[in-house]
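Novice:
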Amino acid sequence: MFNKIKNLIFAVSFLFCNCAYANETDRNEPIFLESDSAKWDEESQKSTYRGNVVVTQGTMLLTGDLLIVTSENNEINHMIVTGEKSTYRQKTRTGKIVNGEAKIIEYYMNQSKIIFLKKAILTQSNNVVKSNKIIYKTDSENIIAGDNKGDSRVKMTLEPKKNE
Numbered sequence: 045m046f047n048k049i050k051n052l053i054f055a056v057s058f059l060f061c062n063c064a065y066a067n068e069t070d071r072n073e074p075i076f077l078e079s080d081s082a083k084w085d086e087e088s089q090k091s092t093y094r095g096n097v098v099v100t101q102g103t104m105l106l107t108g109d110l111l112i113v114t115s116e117n118n119e120i121n122h123m124i125v126t127g128e129k130s131t132y133r134q135k136t137r138t139g140k141i142v143n144g145e146a147k148i149i150e151y152y153m154n155q156s157k158i159i160f161l162k163k164a165i166l167t168q169s170n171n172v173v174k175s176n177k178i179i180y181k182t183d184s185e186n187i188i189a190g191d192n193k194g195d196s197r198v199k200m201t202l203e204p205k206k207n208e
């Protein structure tokens, strides 16, 4: 079982890694948040955004129904987007587009990590990974899908490289 998981991780990493990293300049861009309503709690440094949530930072786009943002020292370090279909989209350094969707998307900005939970799908070009849990590292484009218990099946579609 461990070898299957190790082989799957290698295949997914190879699939998405053409060594194209998420657009590093996005980190230096301002974060824009839009929603139907917003609430900020100064003491806990948490803000809650409800209804038609849209978050952008450079080429990165997050959407959903509810967004909870956690800050530390007035700097955003964690966002959780939920909804019937929450989405993520970002252009890599080489111009490829990575799309993700799930019912819950947890974005750990200071760790360059996004966790897609419940009906998760991650795509790049025609390559697709589906599972109930997908962890995506935005700095390296490494992907871990499924879980160690085998409770979450992983489905992949790998597009063959086309000869030009």
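The opening position of the sequence shown corresponds to residue 45 in my numbering, with each subsequent residue numbered one higher. Using N, Cα and C, we set each Cβ at its ideal position, and we do this for glycine too. All values reported here derive from a predicted model rather than from experimental measurement.
DSSP state of Y65, grouped into three classes?
Specialist: Since pLDDT at Y65 reaches only 42, below the 50 mark, its modelled position is unreliable, and the value read off the structure follows with that caveat. Residue state, collapsed to three classes: coil.
Novice: Would you call K199 buried or exposed, if buried means 16 or more other Cβ atoms sit within 10 Å of its Cβ?
Specialist: The residue is exposed, with fewer than 16 neighbouring Cβ atoms inside 10 Å.
Novice: If distances are taken between C-alpha atoms only, which option among V173, Y93, N171 comes closest to M123?
Specialist: Comparing Cα-Cα distances from M123 to each of V173, Y93, N171, the minimum goes to Y93.
Novice: Can you list, in chain order, the stretches of the alpha helix (DSSP H) that have 4 or more residues and sit fully within the stretch 121 to 183?
Specialist: Runs of the alpha helix (DSSP H) inside the stretch 121 to 183: none found.
Novice: Applying the 10 Å Cβ sphere with the 16-neighbour rule, what's the burial state of R197?
Specialist: That one is exposed.
Novice: Would you identify the three-state DSSP class for D70, choosing helix, strand or coil?
Specialist: Three-state result, D70: helix.
Novice: Alpha carbon to alpha carbon, how far is M104 from I179? Give it in angstroms, no decimals.
Specialist: Taking the straight line joining both Cα atoms gives about 17 Å.
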